[in-house]
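*Asks:* Dropping the structure in here first, questions after.
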Amino acid sequence: MINILASDAWSSPYIIMLAFAAAITLLIAIRMQVRGTAGIEEHASHPKVCIGNGQTIGARSEQDDYFASAETPVGTMAVLADGISGLDYGRISSMTAVSTFMKRFMAMEPGDDIPTFLETTAKQANRDIMQELEGARGGTTLVTAIIDGDSLYWGAVGDSVLVIYRDGTFLPVNRKHTVEVLLANRVLAGEITKEKAMEDPQRHQLINYLGYDRFENIDIGETPFQLRRGDKVLLMSDGVYNALTEIELEDILNDSAAPDEAAEQMIERIENKRIRHQDNATVIIMEPAV
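Just so we're aligned, residue 39 is where the sequence shown starts under the numbering used here, counting upward by one.
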């Protein structure tokens, strides 16, 4: 099963990307036919992962977030990329990054090393974006999660986040690649005050992302995070966590029985706030049956 979504997809520069998404769908059908019964049995051995997602354009003129999910014999992957709105080609960058991850995930075989896949695919995505941009200004954050049974593998670069909601508590998984992190380290070292760090106008600026000629690496979980029954895995662009407090998120997650309901309520609550400069907002919620 594969799911690829984005807004404003029928603009002419993106028809090729949609054709590529269709090609991926065809690829999985061909791969399942080749594997026959053995492939179907492998697929069925993975516990079902329920996925919900939601997205709003906010107050932006176009949607720069792009996301997708897929289920294969390797596991279930969700990936979210937030194109940098301040750059000219944020949207094409996010689309390219997600497409690269999906294409390579569909080619994985059971037993392939997932951390290696995450690291090499991020580097390939960076190269693909650079090639697509041909010197133009663009870039994107990316966060991805792969669930195999009760094991969660993840990768992240930029300021999109991955958190686990467990028993009323949010467990942060990745760190943000922003100037704010550097400022926090300077505060701990006694170089600047906390107040000065909070007042720095560049604190939200990204220091690492895909489509960057000095891209360093993607943070990955070398050891899988062990999930428990009832855990919810949230992938969020900054338009979500900057608009909703943890208390609001907790209220929604506690009251909603299914990930799709929770995701819809989050987006509805963001839109109802009518924040003047609301960013694009995208959330994916994964709930494994462990």
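In this text, a Cβ means the ideal position worked out from N, Cα and C, and glycines have one as well.
#1: By Cβ distance below 8 Å, which residues in the same chain neighbour Gln162 in space, the five residues on each side in sequence not counted?
#2: Would you mind listing the alpha helix (DSSP H) stretches within the stretch 118 to 175 that are 4+ residues and don't spill past its ends, in chain order?
#3: Counting only the same chain and skipping the five closest in sequence on each side, list residues whose C-beta sits under 8 Å from that of Arg314.
#4: Does the count of Cβ pairs from the stretch 243 to 258 and the stretch 224 to 234 closer than 8 Å reach three?
#5: Express the C-alpha separation of Glu237 and Glu299 in angstroms, rounding to a whole number.
#6: When the distance is taken between beta carbons, is Val87 closer than 8 Å to Pro262?
#7: DSSP state of Gly249, grouped into three classes?
#8: Can you list, in chain order, the residues of its chain with a C-beta nearer than 6 Å to that of Ile167? Leave out the 5 residues immediately preceding and following it.
#9: Do Ala227 and Leu200 have their CB atoms nearer than 8 Å?
#10: Quick check: what's the CA-CA separation for Asp197 versus Asp276?
#11: Could you check what DSSP says for Gly187 in three-state terms: helix, strand or coil?
#12: How should Glu109 be labelled, buried or exposed, when 16 other C-beta atoms within 10 angstroms of its C-beta is the threshold for buried?
#13: What is the residue span of the beta strand (DSSP E) that Arg204 lies within?
#14: Buried or exposed for Thr216, please, with buried defined as at least 16 other CB atoms from any protein chain shown within 10 angstroms of its CB.
#15: Can you give me the C-alpha to C-alpha distance between Ala319 and Asp102, rounded to a whole angstrom?
#16: Return the CA-CA distance between Ile89 and Met274, expressed in angstroms with no decimal places.
#17: Hey, how far is the Cα of Leu118 from the Cα of Val271?
#18: If you draw a straight line from the alpha carbon of Ser107 to that of Phe155, how long is it in whole angstroms?
#19: Work out the CA separation of Glu218 and Tyr203 for me, nearest whole Å.
#20: In angstroms, rounded to a whole number, what distance separates the CA positions of Arg266 and Pro148?
#21: State buried or exposed for Gln303, treating a residue as buried only when at least 16 other CB atoms are found within 10 Å of its CB.
#22: Does the beta-carbon of Ala116 have 16 or more other beta-carbons within 10 angstroms, so that it is buried, or is it exposed?
#23: Below 6 Å CB to CB, which residues in the same chain sit around Leu189 once its five sequence neighbours on both sides are set aside?
#24: What residues in its chain sit with their C-beta under 7 Å from that of Val195, if we drop five residues either side in the sequence?
#25: Please list the terminal residues of the continuous beta strand (DSSP E) segment that includes Glu109.
#26: Going by other Cβ atoms of all chains shown within 10 Å of its Cβ, with 16 needed for buried, is Gln93 buried or exposed?
#27: So the alpha helix (DSSP H) Arg311 belongs to, where does it begin and stop?
#28: Report the rounded CA-to-CA distance for Ile305 versus Val112, giving the unit in angstroms.
#29: Take Ile308 and list the residues in its own chain whose beta-carbon comes closer than 8 Å to its own, dropping the five residues that flank it on each side.
#30: Rounded to a whole number of angstroms, what is the C-alpha to C-alpha distance between Asn212 and Asn91?
*Replies:* Straight from the coordinates:
#1: Within the sequence shown, numbered from 1, the residue matching residue 162 stands at position 124. Result list for Gln162: Thr138, Arg142, in chain order.
#2: Counting only runs of at least 4 residues, the stretch 118 to 175 fully encloses the following alpha helix (DSSP H) elements, listed from N- to C-terminal order: 128 to 144, 152 to 171.
#3: As a position in the sequence shown, residue 314 is number 276, starting the count at 1. The beta carbon of Arg314 sits closer than 8 Å to those of Ala97, all from its chain and outside the five residues before and after it, given in chain order.
#4: With a cut-off of 8 Å, the stretch 224 to 234 and the stretch 243 to 258 do not count as touching, because too few Cβ pairs lie within range.
#5: For the purposes of this step, residue 299 is taken as the residue at position 261 of the sequence shown. For the purposes of this step, residue 237 is taken as the residue at position 199 of the sequence shown. Straight across, the Cα-Cα distance linking Glu299 with Glu237 is about 37 Å.
#6: Residue mapping note: residue 262 aligns to position 224 of the sequence shown, counting from 1. Residue mapping note: residue 87 aligns to position 49 of the sequence shown, counting from 1. Taking 8 Å as the Cβ cut-off, Pro262 and Val87 do not qualify as a contacting pair.
#7: Numbered from its first residue, the sequence shown carries residue 249 at position 211. Three-state result, Gly249: coil.
#8: Locating residue 167 in the sequence shown gives position 129, counting from the first residue. Only Ser131, Thr134, Leu248, Gly249 meet the Cβ criterion.
#9: For the purposes of this step, residue 227 is identified with residue 189 of the sequence shown, where counting begins at 1. For the purposes of this step, residue 200 is identified with residue 162 of the sequence shown, where counting begins at 1. Contact flag unset, no.
#10: For this step, residue 197 is matched to residue 159 along the sequence shown. For this step, residue 276 is matched to residue 238 along the sequence shown. Note on geometry: alpha-carbon atoms of Asp197 and Asp276 lie some 7 Å from one another.
#11: Translated into positions along the sequence shown, residue 187 becomes position 149. Here Gly187 sits in coil by DSSP.
#12: Looking up residue 109 in the sequence shown gives position 71. Residue burial annotation: Glu109 is buried, with at least 16 other C-beta atoms found within 10 angstroms of its C-beta.
#13: Against the sequence shown, residue 204 aligns to sequence position 166. Here the beta strand (DSSP E) through Arg204 covers 199 to 204.
#14: Counting from one through the sequence shown, the residue named residue 216 turns up at place 178. Burial state of Thr216 is buried, judged by a 10 Å Cβ sphere holding 16 or more other Cβ atoms.
#15: Position 281 of the sequence shown, counted from the start, is the residue given in the question as residue 319. Position 64 of the sequence shown, counted from the start, is the residue given in the question as residue 102. If you take the alpha carbons of Ala319 and Asp102, they lie about 9 Å apart.
#16: Along the sequence shown, one-based indexing puts residue 89 at 51. Along the sequence shown, one-based indexing puts residue 274 at 236. Take the alpha-carbon of Ile89 and the one of Met274: they are about 14 Å apart.
#17: Taking the sequence shown and counting its residues from 1, the one referred to as residue 118 is at position 80. Taking the sequence shown and counting its residues from 1, the one referred to as residue 271 is at position 233. The alpha-carbon atoms of Leu118 and Val271 are separated by roughly 13 Å.
#18: On the sequence shown, position 69 is the one that residue 107 refers to. On the sequence shown, position 117 is the one that residue 155 refers to. A straight line joining the alpha-carbon of Ser107 with that of Phe155 spans about 16 Å.
#19: Here residue 203 refers to the residue found at position 165 of the sequence shown. Here residue 218 refers to the residue found at position 180 of the sequence shown. Rounded to whole angstroms, Tyr203 to Glu218 spans 24 Å at the Cα level.
#20: Against the sequence shown, residue 266 aligns to sequence position 228. Against the sequence shown, residue 148 aligns to sequence position 110. Going by the C-alpha atoms only, they are around 23 Å apart.
#21: Along the sequence shown, one-based indexing puts residue 303 at 265. In summary, Gln303 is buried, with 16 or more beta-carbon neighbours lying within 10 Å of its beta-carbon over all protein chains present.
#22: Sequence index remark: in the sequence shown, residue 116 carries index 78 (1-based). Classification for Ala116: buried.
#23: As a working mapping, residue 189 is identified with position 151 in the sequence shown. Checking the displayed sequence, the identity of residue 189 turns out to be Ser instead of Leu. For Ser189, the CB contacts under 6 Å within the same chain, skipping 5 residues up- and downstream, are Pro262 in chain order.
#24: The count along the sequence shown starts at 1 and reaches residue 195 at position 157. Take Val195, set aside five residues on each side of it, and the residues of its chain with a beta-carbon closer than 7 Å to its own are Ala160, Thr179, Leu180, His215, Asn246, Tyr247, Leu248, Ile256, Asp257, in chain order.
#25: The residue labelled residue 109 in the question sits at position 71 within the sequence shown. Glu109 -> beta strand (DSSP E) spans 103 to 110.
#26: Start at 1 with the first residue of the sequence shown, and residue 93 comes out as number 55. Around the CB of Gln93, 16 or more other CB atoms lie within 10 Å, so the residue is classed as buried.
#27: Counted from its first residue, the sequence shown places residue 311 at position 273. Note that residue 311 is Lys in the sequence shown, not Arg. Lys311 -> alpha helix (DSSP H) spans 297 to 311.
#28: Position 267 of the sequence shown holds residue 305. Position 74 of the sequence shown holds residue 112. For Ile305 and Val112, the gap between their C-alpha atoms comes out near 30 Å.
#29: Locating residue 308 in the sequence shown gives position 270, counting from the first residue. Answer for Ile308: Thr94, Gly96, Gly277, Val278, Ala281, Leu282, Gln316, Ala319, listed in chain order.
#30: Here the question's residue 212 lines up with position 174 in the sequence shown. Here the question's residue 91 lines up with position 53 in the sequence shown. In a straight line, the C-alpha of Asn212 is about 20 Å away from that of Asn91.
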